[in-house]
Every structure is written in C-alpha cells, then in structure tokens.
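The sequence shown: position 143 = 128 (this note's numbering), numbered continuously. Ideal Cβ positions, reconstructed from N, Cα and C, are used throughout, including at glycine.
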Amino acid sequence: MTHPTPGVPTWVDLGTADLADATRFYSRLFGWEADVSGEEYGGYTTFRLNGRAAAGAGPLFGEGQPTAWSMYVASDDADAIADRVEAAGGKVLVAPFDVMYQGRMATFLDQGGAPFSVWQPGTMKGADVFDVPGALTWNELATRDVEGAAAFYGAVFGWLGREISVGGLPYLVWELDGATIAGIQVIDGTWPDELPHWKVHFAVIDCDDAASYALSLGGRVVRPPADQPIGRCALLEDPQGGAFSILQSVNA
C-alpha cells in the first residue's frame, strides 16, 4: 500500500484473553489467514485476507483487561499528537513508544473517555485492504458529547464533524480534507450503560447470514441485524467478549 494519510484510520487490532480461539473464530468468520510474528513481538498475529494485511490481534497484558478491538489513526508524529491530545482535554494512556522498526504508537482517551490509538508507520504501514468482505470498512465513535468530540478531534487531527444524508436519513460523519473518514453515534437512553468507545465495522456480503454464522462459531449477537443509514448492521461479540460490528453496505 501507499503511505497512509495522516489523520485517517489505518489499522485495527484485538487484545484478547484467548488468542488461539480468537484466531479460530475470526479466521472462519472472515476467511482470514493468521500470520504469527516471532517471540520478540509476543505472538502478535496479523490477519491477512488473500495475502493482504486486514487486522491484528495479540494477547492481553496485565490483570483485569477486557478483550476489545482498538482503532489506530495514522500519524507522521505520534509525539506531537500526544501533546495535542493533552492540550485538547484528553489523556495519554500509553506514551509514544517504538515497536522495533515496525512503527511508533501511543494510546489515548478522548475528552469523553473513548480510547483510541495512533500509528506512526515504519516498515508496517497499516492495513492494505479495506471495504471488501472480510476487511475493515468503517469506524464510528459512540459518544455522549458530540460538541466536545468535534472540538477535540478537530484540534488533534483536523477533523470536521457534520451532518449528511445517507439513504435519505441524517447521519453524523467526520471529514478530513473533504473526504468522509468515520461516523458518529450519539449514546442515548437505549443502552444506558454503554461507555464512549470507537466501534469497528467489518464488511460482509450478507449481514444476516454472517450474524448467524458468528453465533454458530461461539459468538454472540448483541444487536441483531437492522437497517441503518450506512447499511445493514449487527453488533456482535466474539467468544471472549470482544465487540465488533458487521456491515452490509447500502451499495452491496
């Protein structure tokens, strides 16, 4: 792939309590092949779709951490992003550090408490397949503070939040230099215990069939398939409790 555009989501990975079972689950669900790294990377696994990097996974480190997907935004200076995060009211969870020659990363909380990471690429650029079945196709911020999020991500990445119409329905999106790069979902009373977070969406050909297949593999359907402005979506959990969404695009 070409060098990723700074400010654009470029990678997702899973921190899991059972890497072997997660590999089984996702490989069968999305047709991924597991490329396991050497011991120096702690068994980190790159999931490939037809030979192209689609996502990653690794074991959890530390007690009490939940299995979860993480979203990474491309950056050409992770240290500068850390400074902007703090200035904009966010928090640095993991200060920028080098992942050998692969790249440099850091993890943050935004002003509303949603975790996200940045990736300053070295030899590893990020995903090199998007928007096809089995690949990352969309990222969406679930937040209770849309105005605060607009100010925060605008200051950190230069993102602009605005309302658009998708299939005749209103939808909030993030844009960078005129390109739509992510969505925004307002947390309301429907799920009162939902915490601010970034949701990752993987493309599927048929949302209903994929949700049923995930269930047969030991996953859980948290929110059944339903039509949304961006397409037909379902919220699932893998056998270890890692939440992710599947999306059948409106253009599928």
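For I149, the closest of V141, F142 and V158 by C-alpha to C-alpha distance is V158. In the displayed model, Y86 falls within coil according to three-state DSSP, outside both helix and strand. Close CB contacts of A228 within its chain, under the 6 Å cut and outside five residues either way in sequence, are with E222 (chain order). Residue burial annotation: I66 is buried, with at least 16 other C-beta atoms found within 10 angstroms of its C-beta.
Inter-segment contact for the segment 77 to 90 and the segment 45 to 55 is absent: fewer than three beta-carbon pairs are separated by less than 8 Å. Here A67 carries a helix assignment [DSSP, helix/strand/coil]. R9 sits in a helix when the DSSP states are folded into three classes. For the pair of segments examined, the segment 27 to 34 was found to touch the segment -4 to 13: the number of CB pairs separated by less than 8 Å reaches three. Annotation for D(-2): the continuous beta strand (DSSP E) segment containing it runs P(-6) to T1. DSSP places A73 in no beta strand (DSSP E); its state is neither H nor E. In this structure V151 touches I215 by the C-beta definition: roughly 6 Å separates them, less than 8 Å.
Sequence-distant partners of S60 (beyond 5 residues in either direction) whose C-beta falls short of 8 Å from its own C-beta, in its chain, are P(-9), G(-8), I66, V103, W104 and Q105.
With a 10 Å radius around the Cβ and a threshold of 16 neighbouring Cβ atoms, K184 comes out buried. Assignment of L121 by DSSP, reduced to helix, strand and coil, places it in the strand class. Residue state for D212 is assigned as strand, using DSSP reduced to three classes.
Within the same chain, F10, R13 and L14 come within 7 Å of L202 by CB-CB distance, once the 5 residues on both sides are set aside. Taking a contact as a CB-CB distance under 8 Å, the pair D116 and T122 counts as one, their CB atoms being some 5 Å apart.
When DSSP states are grouped into helix, strand and coil, G133 belongs to the helix group. Out of S22, K110, A136 and P44, the CA that lies nearest to the CA of T(-5) is found in K110. F82 sits exposed, since fewer than 16 C-beta atoms from the chains shown fall within 10 Å of its C-beta. The beta carbon of P100 sits closer than 6 Å to the beta carbons of L94 from its chain, once the five residues preceding and following it are set aside; these are given in chain order.
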